[in-house]
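Protein chains in written order, with my numbering: chain A, 574 to 801; chain B, 574 to 801. The structure appears right after this line, and notes come after that.
2 protein chains.
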Amino acid sequence: MATHTSRGPYKTGVRRRAEIVAAASTVMARRGYAGASLRLIGEAVGMTPAGLLRHFGTKENLLIAVLDDWVEQTIRMRPPSSATGIGYFTRFVDLMRYHMLHPGLIELFLTLSAEASDPSHPARAWVTARHQRIVSEGVEQLRNAVTNGEIAPMSDRRMELEVRGLFAMMDGLELQWIADPRLDLAATFESLLEIVLRRWGATDAPQIGTPESAIGGEPDVPAAAVRA
Amino acid sequence: MATHTSRGPYKTGVRRRAEIVAAASTVMARRGYAGASLRLIGEAVGMTPAGLLRHFGTKENLLIAVLDDWVEQTIRMRPPSSATGIGYFTRFVDLMRYHMLHPGLIELFLTLSAEASDPSHPARAWVTARHQRIVSEGVEQLRNAVTNGEIAPMSDRRMELEVRGLFAMMDGLELQWIADPRLDLAATFESLLEIVLRRWGATDAPQIGTPESAIGGEPDVPAAAVRA
DNA sequence: GTCTATAAGAAGATAGAC
DNA sequence: GTCTATCTTCTTATAGAC
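As structure tokens, then:
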């Protein structure tokens, strides 16, 4: 006991736990919650199903850990209130680029969002709450943009409509992208966001040219190379 | 044999088959392909798993039958080439209203679209092919709209971008709607479509007021009542 | 055409050795 | 902290009675 080099008794345990969450995240993203068995996750991290349950008790607890990790990663990538007004929205281009490098994250979110149409799905409440949170967060930032004079004024109803439309477009593009990874997700979104910002009357809309093609159809334009 | 009243020997068989497909469609939409066991589907239609497999042989064959039925229902609702140019896009408002009355259809499509991010998923090829088909179909109709002088000209790349953005918005709104059915899907989409058509320079964009609120928050505005 | 019975395997979860 | 072994239940699928 006195000879171990780690400073805390739980140090390796914490690391192992993180490895399990990462593996579970990947497998659940690919196969869905129901399709991701503890054996499959265990194989990915080199452990038996019993070993996993020593750490998390139940499969549902593991899902919750995966969701928490997803939130943590997203926040680390895009800290809340790091940008206000229009800057809040332009930062989503970086988020899309981040997603292209970590496909599992968005696969997981979309799979759970769709699966959770079942009211008895363990992630149902989490998904619903998250949708509500990002819409109200978006409306708040759009209001900031108006207050700061970055964009033209609009009604509250119009703001909710615009925010819902923008977030819907992001999710829908991600859905197209996981069906065909040749789609340049970040570039496509960047072009569409520019159109939206221009329509809102943003004066500092980023100057971005229309990408060569949304799909890299020609073999000499390997858009898929951007992925990890 | 000579006494039965049905005209063909397979009449009841065909009806039963249709009932199974309908039940399987509902259960798969709610639980995903992996989560929808033959036992669960059998209970929904009053049959044992063995009975189901008498009709379809394997679970995967049943999924194929469900996908074919999905296509058939969608086509019946919105016949191909029934509207060209801008009319093609405005008809999507009707499609959204239809989806609100038949939630299972869109739940199934979204669940499978997300699940099928796994390359080994049996519906992977079907989902990918469908995404490609509707994008090229949309671009074709947008081109028609330009040719007919309904909207301002735009480049081929821009057309693909606009179509991808519009379809992404539709899928994303549907994702928001299954997470919170209080959202008035058709009205929200109608308002957003009007904005897009106006931007395209459509002269006959439908005159629709912004809905009272995208979410019927007040108890006296039961937006959910529109559902079946 | 649907059933019961059953196979062969995988699922989540528990007990206890080391 | 991870293992093996085991339990119970559930999975898809087959065989054969009615």
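Beta carbons: idealized from backbone N, C-alpha and C, even for Gly.
Across the stretch 710–730 of chain A, CB contacts with chain B closer than 8 Å involve Ser-728, Arg-730, in sequence order along the chain.
For A/Met-601, no Cβ of chain B is located within less than 8 Å of the residue's own Cβ. A/Ile-679 and A/Met-727 have their C-alpha atoms roughly 31 Å apart.
Note that the C-beta distance between B/Ala-596 and B/Val-618 is below 8 Å. Contact check for B/Gly-605 and B/Thr-684: beta-carbon distance about 5 Å, within the 8 Å limit, so the pair qualifies. Within the same chain, Cβ atoms closer than 6 Å to the Cβ of B/Glu-733 are found at Val-712, the five residues on either side in sequence being excluded. Under the 8 Å criterion on CB atoms, B/Phe-740 is classed as interfacial with respect to chain A.
Within the same chain, and ignoring the five residues on either side of A/Arg-612 in sequence, the residues whose Cβ sits closer than 6 Å to its Cβ are Pro-622. Rounded to the nearest whole angstrom, the CA to CA distance from A/Leu-739 to A/Phe-629 is 37 Å. Around the beta carbon of B/Ser-709, fewer than 16 other beta carbons sit within 10 angstroms, so the residue counts as exposed. The stretch 754–768 of chain A and the stretch 681–698 of chain A do not touch, with fewer than three beta-carbon pairs separated by less than 8 Å.
Interface flag for B/Ala-656 against chain A is unset, since no Cβ pair is found closer than 8 Å. Take the alpha-carbon of B/Gly-624 and the one of B/Lys-632: they are about 12 Å apart. Put simply, the stretch 762–770 of chain A does not touch the stretch 686–693 of chain A. Fewer than three CB pairs are less than 8 Å apart.
Our two residues, B/Trp-750 and B/Met-669, have alpha carbons roughly 11 Å apart in a direct line. When secondary structure is reduced to three states using DSSP, A/Arg-651 falls in the coil class, being assigned neither helix nor strand. At the C-beta level, A/Met-742 and A/Phe-665 stay beyond 8 Å of one another. When the Cα atoms are used, B/Asn-721 and B/Ile-659 turn out to be separated by approximately 9 Å. Not one beta carbon of chain A lies nearer than 8 Å to the beta carbon of B/Arg-649.
The C-alpha of A/Ala-702 lies about 24 Å from the C-alpha of B/His-675. When rounded, the separation of the alpha-carbon atoms in B/Glu-592 and B/Met-620 is 11 Å. A buried status is given to B/Ile-724, since no fewer than 16 other beta-carbon atoms sit within 10 Å of its beta-carbon. At least one CB atom of chain B sits nearer than 8 Å to the CB of A/His-704.
B/Met-673: member of the alpha helix (DSSP H) spanning 665–674, first to last residue. Residue state for B/Asn-721 is assigned as coil, using DSSP reduced to three classes. Ranked by Cα distance from A/Ala-752, the options B/Arg-771, B/Val-719, B/Gln-705 are led by B/Gln-705. Close partners of B/Leu-635 in chain A (Cβ separation under 8 Å) are lacking, with about 17 Å as the shortest Cβ gap. A/Arg-651 and A/Leu-636 have their alpha carbons spaced roughly 22 Å apart.
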